[in-house]
Structure formats: structure tokens, C-alpha cells
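In what follows, a single structure is set out as C-alpha cells and then discussed.
Residue numbers (this note's numbering): 14 to 195.
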């Protein structure tokens with residue numbers, strides 16, 4: 014059971030109702046995470062603004078989903094593992110790849126660099142090793158992409174921790190954020 018209950022769009026604060034209406038128009042549904050964030054229209058608006066800005070950055074939809082999955086795995090967030098597995102499939106990732114991504118792994122060497130970086134940001138609380146940045150740069154990542162990966166990691170830490178606090182009820186096909194390495 015959720016510790017913070019989702020808000021019903023019909024009874025929501027006018028600003029929250031508008032934001033939830035936009036979410037519904039965009040996704041065809043209002044995921045529980047957004048309905049729960051709607052308890053504070055400022056929190057919902059802030060997250061949607063950050064997410065929207067990062068979504069229009071230079072990283073591909075697949076890369077964004079891979080980062081989200083790796084961060085969900087690192088932070089053991091089943092809600093985000095479930096949501097981003099569904100979104101990752103919509104972005105063209107296979108089930109096998111989404112499972113790997115939750116473990117911080119990828120078959121694609123360039124994606125693996127991104128996931129290593131994302132998980133290092135999480136595990137080292139942003140204090141990334143200089144060698145990591147050098148490796149990214151020598152493999153074609155400009156500072157713009159490095160900062161966008163960082164931004165995606167931070168946006169996903171926000172949602173992971175939000176779900177831990179609220180105990181958001183999963184409204185996607187459930188995926189365990191601790192998928193076995195076997």
C-alpha cells in the first residue's frame with residue numbers, strides 16, 4: 014500500500030489537474046508516480062520540466078531508457094525498473110537488453126560506457142573518477158553528452174527516491190530491479 018496516495022485528476026488542485034491532463038494526453042494514461050507527485054503541484058511541475066528538457070537533449074530515447082534502467086537497478090527501484098522496461102521496449106530495446114541494463118550491462122560497447130558512467134555517478138555520489146571522463150571523451154562523448162547523461166541520472170535518482178518515500182504502487186508490468194545476473 015502506498016504511503017502517499019495518488020491524487021485523482023478530477024479532484025486535483027487546478028494546476029495539478031492541468032499537469033496531469035498534459036501527462037494523460039502525452040502518455041494515454043496518468044502513471045501513479047505522476048498522480049502521487051500531484052500532491053505537490055510544484056514537485057510535479059519541477060519534475061516534468063526537468064524530464065521534458067532532458068528528453069529534448071541530444072541523447073537518444075534508447076540511451077535515456079538505458080540510463081533509467083541502470084539507475085533503477087543501482088537504487089533498487091522496482092517502480093522505475095517496471096516503467097522504464099515498458100518505455101525501453103517502446104524505444105526499441107529488447108527484453109534481454111532491458112534486463113542487462115538494469116544490471117548496468119549492455120551488449121553495445123558505447124552503451125556500456127554510458128551505463129558504467131551512470132552507475133559510477135550513483136555509487137560515488139557524483140564524485141566521478143577523472144579516468145572515467147577521459148574514457149568517455151576518447152570514445153566520442155563531448156561535454157554536452159556527459160552533462161546530459163549526468164542530468165538523466167539525477168532525474169532518475171529523483172524518481173527512484175520519490176518511489177521509495179511514497180511506496181508508489183506499480184502500474185506497469187512488474188519488473189524486479191534486482192534481476193539475477195544468471
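All C-beta atoms in this analysis are idealised placements derived from N, C-alpha and C, irrespective of residue type, glycine included.
If you're wondering where the values come from, they're calculated on a predicted model, not measured in any experiment.
Return helix, strand or coil for residue 27, following the three-state DSSP convention.
helix
Looking at residue 83: is its Cβ nearer than 8 Å to the Cβ of residue 126?
no
Exposure label - residue 149; buried when at least 16 CB within 10 Å
buried
For residue 176, I'd like the list of residues in its chain whose CB is within less than 6 Å of its CB, leaving aside the five on either flank, ordered along the chain.
90, 92
State buried or exposed for residue 55, treating a residue as buried only when at least 16 other CB atoms are found within 10 Å of its CB.
exposed
Using the C-alpha atoms, what's the distance from residue 119 back to residue 151?
It is roughly 19 Å from the alpha-carbon of residue 151 to the alpha-carbon of residue 119.
Distance CB(residue 95)-CB(residue 187) smaller than 8 Å:
yes
Buried or exposed: residue 190, going by 16 or more other Cβ atoms within 10 Å of its Cβ?
buried
Within the continuous alpha helix (DSSP H) that includes residue 75, where are the two ends?
74–87
Identify whether residue 178 lies in helix, strand or coil by the three-state DSSP scheme.
helix
Which stretch, first to last residue, makes up the alpha helix (DSSP H) that contains residue 131?
Segment 122–136, the alpha helix (DSSP H) holding residue 131.
Coil, strand or helix - residue 143 by DSSP
DSSP places residue 143 in helix when its eight states are reduced to three.
Starting from residue 106, trace the alpha helix (DSSP H) in both directions and tell me its first and last residue.
First-last for residue 106: undefined, no H or E at that position.
Measure the CB-CB distance between residue 88 and residue 170 and report whether it falls below 8 Å.
yes
Hey, would you say residue 115 sits closer than 8 Å to residue 68, going by beta carbons?
no
Please state whether DSSP places residue 93 in a helix, a strand or coil.
helix
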